[in-house]
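Residues in the sequence shown are numbered from 7 upward in steps of one, following our numbering.
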Amino acid sequence: MTLILIAANKDFIVQVSDRRTTSVRGVESDEETKAIYLETPYMQALMGYTGLARIGIEPTNRILMDLLLKEVLRRADGNPSRVVHELGAALDNFFQNGPGRVYRVRDRGLTVAITAFVGREGGLRQAFLTNTKGGVFRPVFSNPKRDAPDDKLTIVQRLGQWQEFDQNQAEEVRTLLAPGRPARAVRDKMAEIIANRANTNQTVGAQLNTAVLQRGQQPAWGYVTGVNSPTYYSGDMVIMWPDGKMLATSDMQITNQDRPMVVPRVHRNAPCPCGNGKRYRECHRPKAQ
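This is the structure we're talking about:
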């Protein structure tokens, strides 16, 4: 299980997900990617998933990317609504006729969230695919009203360990989605909420991926950790260009053995945890977005 928080308004989408995977045996890994950036000529989206972390020896993120690249995007021709339906059909086939058939229905629980800017005007849309009821993936669309005023055109959503994100916290995040507020404020608040929950819930990890998607731009990835880490972990990416060609990156990481790539967050004027003597704001503090 995991915890993913998603917040969006007309200008940006923010997704924060922990990287921990667990099983009946306990914690399997603290470094599994659960965030994918998806782009077609008709949409820009952030995807996240909770539930089944691995299918056989393959992490679920790689299976989702494989289905997108080999089947879904070409069949859907990049159309946002069709992408959702085709991904659901591909997952159904995977579990009924492919490698996933070895799992009992009750062990196949998987939920995929897709939050996107679609069309020429970049309208905000959200869709879910889940098979937790009966084993068949069913698409559910949850879209804000197109004619809503800017301060009401918002999405705040939780996946996985949803009980760890209460209504008061949701309203606090929604306040930060007000027009003119920076995306980094939403990102930092949601990262703080998940990191705090990691202290009390063993199925929620303290290592996090953050993604900020500004309309019309590439996503800004971030990695949050509670300890000094020589490795920076990014999210995955699948891009389909107008000519039908595709590009994908998966499990991207950057390692520097000489000094930490990522450090715990502290006050901006405090000494940087990396130990080089500089202030945090002058060293490892994430850049404004």
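Note that beta-carbon positions come from the ideal geometry of N, C-alpha and C, so glycine has one too. From a predicted model like this one, the values you see are computed outputs, not experimental measurements.
Checklist entry - For leucine 73 versus tyrosine 55, is the C-beta distance shorter than 8 Å? => result For the purposes of this step, residue 73 is identified with residue 67 of the sequence shown, where counting begins at 1. For the purposes of this step, residue 55 is identified with residue 49 of the sequence shown, where counting begins at 1. In this structure, leucine 73 lies away from tyrosine 55, with their beta-carbon atoms at least 8 Å apart.
Check: Taking C-beta to C-beta, are methionine 243 and tyrosine 48 nearer than 8 Å?
Finding: Stepping through the sequence shown from its first residue, residue 243 is reached at position 237. Stepping through the sequence shown from its first residue, residue 48 is reached at position 42. In this structure, methionine 243 keeps its C-beta atom at 8 Å or more from the C-beta atom of tyrosine 48.
Discussion item. By the three-class DSSP mapping on this structure, what secondary structure does tyrosine 238 have?
Written reply: Stepping through the sequence shown from its first residue, residue 238 is reached at position 232. Reduced to three states, the DSSP call for tyrosine 238 is strand.
_To the nearest angstrom, how far is the alpha carbon of isoleucine 200 from that of glutamine 220?_
Taking the sequence shown and counting its residues from 1, the one referred to as residue 200 is at position 194. Taking the sequence shown and counting its residues from 1, the one referred to as residue 220 is at position 214. Rounded to whole angstroms, isoleucine 200 to glutamine 220 spans 22 Å at the Cα level.
ask   = Just how far apart, CA to CA, sit leucine 97 and alanine 276?
value = The residue you call residue 97 lines up with position 91 of the sequence shown. The residue you call residue 276 lines up with position 270 of the sequence shown. The alpha-carbon atoms of leucine 97 and alanine 276 are separated by roughly 48 Å.
Helix, strand or coil at tryptophan 247 [DSSP, three-state]: One-based indexing of the sequence shown puts residue 247 at position 241. DSSP places tryptophan 247 in coil when its eight states are reduced to three.
Spell out a yes or no on whether the segment 12-31 and the segment 89-103 are touching, meaning 3 or more CB-CB pairs, one atom from each, closer than 8 Å.
At 8 Å Cβ cutoff, the stretches do not touch.
- Residue span of the beta strand (DSSP E) that contains serine 87, given as start and end: Position 81 of the sequence shown, counted from the start, is the residue given in the question as residue 87. Taken as a continuous stretch (DSSP letters only), serine 87 belongs to no beta strand (DSSP E), being part of the alpha helix (DSSP H) at 86-103.
Within the segment 157-222, note down every full beta strand (DSSP E) run reaching 3 residues or more, in order along the chain.
-> Secondary structure in the segment 157-222: the beta strand (DSSP E) runs of 3 residues or longer, each lying completely within the stretch, are 161-166 and 214-220 in chain order.
> My guess is that threonine 46 and leucine 79 are in contact by the Cβ rule of under 8 Å, so how many angstroms apart are they, rounded?
Replying inline: What you label residue 46 is simply residue 40 of the sequence shown in a count that begins at 1. What you label residue 79 is simply residue 73 of the sequence shown in a count that begins at 1. Yes, threonine 46 and leucine 79 are in contact; Cβ-Cβ is about 6 Å, under 8 Å.
Can the beta-carbon of valine 22 be found closer than 8 Å to that of alanine 226?
Taking the sequence shown and counting its residues from 1, one reaches residue 22 at position 16. Taking the sequence shown and counting its residues from 1, one reaches residue 226 at position 220. For valine 22 and alanine 226, no; Cβs fall outside 8 Å.
Self-check item: Three-state class that DSSP yields for tyrosine 48 in the structure shown
Solution: Locating residue 48 in the sequence shown gives position 42, where the first residue counts as 1. The three-state reading of DSSP puts tyrosine 48 in coil, since its state is none of H, G, I, E or B.
*Can you tell me which of the three DSSP states alanine 122 falls into?*
For this step, residue 122 is matched to residue 116 along the sequence shown. Three-state DSSP puts alanine 122 in a strand.
Task: Neighbourhood of arginine 203 by C-beta distance below 6 Å, restricted to the same chain and skipping five residues each side - done: For this step, residue 203 is matched to residue 197 along the sequence shown. The residues are Glu170 and Val210.
Original post:
What does a CB cutoff of less than 6 Å around glycine 62 pick up in its chain, not counting 5 residues either side in sequence?
Top reply: Position 56 of the sequence shown holds residue 62. Close CB contacts of glycine 62 within its chain, under the 6 Å cut and outside five residues either way in sequence, are with Pro105 (chain order).
Arginine 107: buried (16+ other C-beta within 10 angstroms of its C-beta) or exposed?
Walking along the sequence shown from the start, residue 107 turns up at place 101. When all chains shown are included, arginine 107 counts as exposed.
Going by the DSSP bridge assignment, what does phenylalanine 18 pair with across the sheet? The count along the sequence shown starts at 1 and reaches residue 18 at position 12. Note: phenylalanine 18 sits in a beta bridge opposite Gln220.
Cα-Cα separation between proline 188 and asparagine 149, rounded to whole angstroms
Here the question's residue 188 lines up with position 182 in the sequence shown. Here the question's residue 149 lines up with position 143 in the sequence shown. Distance between the alpha carbons of proline 188 and asparagine 149: 22 Å.
Length of the line joining the Cα atoms of arginine 112 and threonine 136:
Counting from one through the sequence shown, the residue named residue 112 turns up at place 106. Counting from one through the sequence shown, the residue named residue 136 turns up at place 130. Distance between the alpha carbons of arginine 112 and threonine 136: 13 Å.
| request: Starting from glutamate 64, follow its DSSP beta bridges and name the residues at the other end. | output: Translated into the one-based positions of the sequence shown, residue 64 becomes position 58. Under the DSSP definition of a beta bridge, glutamate 64 partners with Ile61.
Skipping 5 residues on each side, what residues in its chain have a beta carbon closer than 8 Å to that of lysine 195? The residue labelled residue 195 in the question sits at position 189 within the sequence shown. Cβ within range, chain order: Glu178, Val179 and Leu182.
Within 10 angstroms of the Cβ of glutamine 259, are there 16 or more other Cβ atoms? Answer buried if so, exposed if not. Within the sequence shown, residue 259 is the residue found at index 253, counting from 1. Answer is exposed; the Cβ neighbour count stays below 16.
Taking the CB atoms as reference points, tell me whether glutamine 167 and leucine 9 lie closer together than 8 Å.
Taking the sequence shown and counting its residues from 1, the one referred to as residue 167 is at position 161. Taking the sequence shown and counting its residues from 1, the one referred to as residue 9 is at position 3. In this structure, leucine 9 lies closer than 8 Å to glutamine 167 by Cβ.
* Asked: Does the beta-carbon of aspartate 172 have 16 or more other beta-carbons within 10 angstroms, so that it is buried, or is it exposed?
  -> In the sequence shown, the residue the question calls residue 172 occupies position 166. Exposed.
Within 10 Å of its beta-carbon, does valine 192 have 16 or more other beta-carbons around it, so buried, or fewer, so exposed? As a first step, residue 192 is located in the sequence shown; it is residue number 186 there, counting from the start. That one is buried.
Exercise for review: Would you tell me roughly how many angstroms separate the C-alpha atoms of arginine 265 and threonine 121, rounded to the nearest one?
Suggested key: By one-based count along the sequence shown, residue 265 stands at place 259. By one-based count along the sequence shown, residue 121 stands at place 115. C-alpha separation (whole angstroms): 35 Å.
- First and last residue of the alpha helix (DSSP H) that includes arginine 81? Counting from one through the sequence shown, the residue named residue 81 turns up at place 75. Run containing arginine 81: 79-82, per the alpha helix (DSSP H) assignment.
**Request:** To the nearest angstrom, report how far apart lysine 284 and asparagine 85 are at their CA atoms.
**Result:** One-based indexing of the sequence shown puts residue 284 at position 278. One-based indexing of the sequence shown puts residue 85 at position 79. Going by the C-alpha atoms only, they are around 48 Å apart.
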